[in-house]
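Q:
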Amino acid sequence: MISEYKEKGTLGRFVMHSNNELLSGRGLRDLDPEPVNTFVYNNGAQQQVKIDEVTYTMPGGSILPLVSNQHFQFERPEELVAWQFNREFYCILNHDKEVGCVGFLFYGIQHPMFIELEPGEMAEIEHLSSVFSRELQVRDNFQGEMLRTLLKRVIIKTTRIAKQQSESYQLFPDEKMDLIRQFSLILEGNFKQQHEVRFYAGVLNKSPKTLSNSFALLKQPAPSVLIRKRIVLEAKRYLHYTDKSVKEIAYELGFETPAHFSRFFKQYSGNNASEFRIKEG
């Protein structure tokens, strides 16, 4: 079942999926994917989920945040509940002071992030799910704000639990970890054009060495590694889900020449780009 709320004035959109065997994400298979964030809640047994052609096990009693450019397919989608919203309905960037999830739950450096719930936490999510279902049947001037309030509760609750399960957030205060979140968001917006640490350090008003040292102290991978991993991930998405040639992908990802891109992809993925497309296709 799919229940949907739309706002005519803002084009805001909120969707709840329940017992929907078609729940999936097309990622880059959509030529212009709508920027939609998704929370998937598995209140049943563990099941497999394939994200960008990599298979993971989603534990029972867990929540998985996903973003629009991720291709995903679940083993038993009809057993899941999912909430989807676009930025016109609720912009997590504009409301980051309220929910603190940008660059962590969404567009963060750890993905996928399976957030496991205790029985009491599951009961709370179940309750919120029931309230969502009832509210989506209401048609009045308060419906949109009520849905946003409920969504904000889900985001805050999930963010809070995820931080409790993160080693780094247990060791360091949020103020220090905000550097990682800020870097993650800048990386997401610039990795196609900017491949060097010095760019990201400059935006964050730090020297490249200071930025790298800060990441090491916070027990995070080096910024240079994260930049390379993000570029490789996007390259794989293009090779999997689009018909773009290796040459087109090279220029799309900010490489001066296709040869430069091919060397980079081979070095950091272990495959030639053309062979990867054939092997994985």
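Under the numbering used here, the first residue of the sequence shown carries the number 12, and numbering increases by one thereafter.
Don't be surprised by glycine CBs; every beta carbon is placed ideally from N, CA and C.
Since the structure is predicted, the reported quantities are computational estimates derived from the model, not experimental observations.
Spatial neighbours of ARG241 within its chain, please: CB distance less than 7 Å, with the 5 preceding and 5 following residues excluded, ordered by chain position.
A: LEU198, PHE202, listed in sequence order.
Q: Does ALA173 come out as helix, strand or coil in the three-state DSSP assignment?
A: The answer is helix: DSSP assigns ALA173 an H, G or I state.
Q: So, using beta-carbon positions, are TYR279 and ARG239 closer together than 7 Å?
A: Yes. Within cutoff.
Q: Give the straight-line distance between the Cα atoms of LEU116 and LYS17, rounded to the nearest whole angstrom.
A: Rounded to the nearest angstrom, the two C-alpha atoms are 24 Å apart.
Q: From the DSSP output, read off the bridge partner residues of ALA93.
A: HIS28, VAL51.
Q: Could you tell me if SER285 is buried or exposed, where buried requires 16 or more neighbouring beta carbons within 10 angstroms of its beta carbon?
A: When all chains shown are included, SER285 counts as exposed.
Q: Quick test of your reading: GLU89 and ASN53, contact by CB under 8 Å. State the CB separation rounded to the nearest angstrom.
A: Their Cβ separation, rounded to whole angstroms, is 12 Å, which puts GLU89 and ASN53 out of contact at 8 Å.
Q: How long is the line joining the alpha carbons of ARG159 and GLY36, rounded to whole angstroms?
A: Taking the straight line from one Cα to the other gives about 22 Å.
Q: Throw me the rounded Cβ distance for the LEU139 and ARG164 pair, which I believe falls under 8 Å.
A: At roughly 6 Å, the Cβ-Cβ gap stays under 8 Å, so LEU139 and ARG164 are in contact.
Q: Out of curiosity, what's the CA-to-CA distance linking VAL92 and SER29?
A: Taking the straight line from one Cα to the other gives about 5 Å.
Q: Which runs of the beta strand (DSSP E) spanning at least 3 residues fall entirely within the segment 167-230, listed in chain order?
A: Fully enclosed beta strand (DSSP E) runs of 3 or longer: not present.
Q: With H, G and I counted as helix, E and B as strand and the rest as coil, what does DSSP make of THR160?
A: Looking at THR160 - three-state DSSP - the assignment turns out to be helix.
Q: Among the residues of its own chain, which have a CB less than 6 Å from the CB of VAL47, if the five just before and after it don't count?
A: Result list for VAL47: SER79, GLN95, ASN97, in chain order.
Q: So, with DSSP's three-state summary, where would you put LEU244?
A: Here LEU244 sits in helix by DSSP.
Q: Just checking, does the segment 224-232 make contact with the segment 131-151 on the three C-beta pairs under 8 Å criterion?
A: The segment 224-232 vs the segment 131-151: no contact.
Q: Determine whether the beta carbon atoms of SER235 and VAL208 lie at a separation below 7 Å.
A: Cβ distance < 7 Å, so SER235 and VAL208 count as in contact.
Q: Please check the pair PHE125 and MET188, which I expect to be a contact at CB under 8 Å, by giving their CB distance rounded to whole angstroms.
A: About 19 Å; that fails the 8 Å criterion.
Q: Terminal residues of the continuous beta strand (DSSP E) containing GLY36?
A: GLY36 -> beta strand (DSSP E) spans 35-37.
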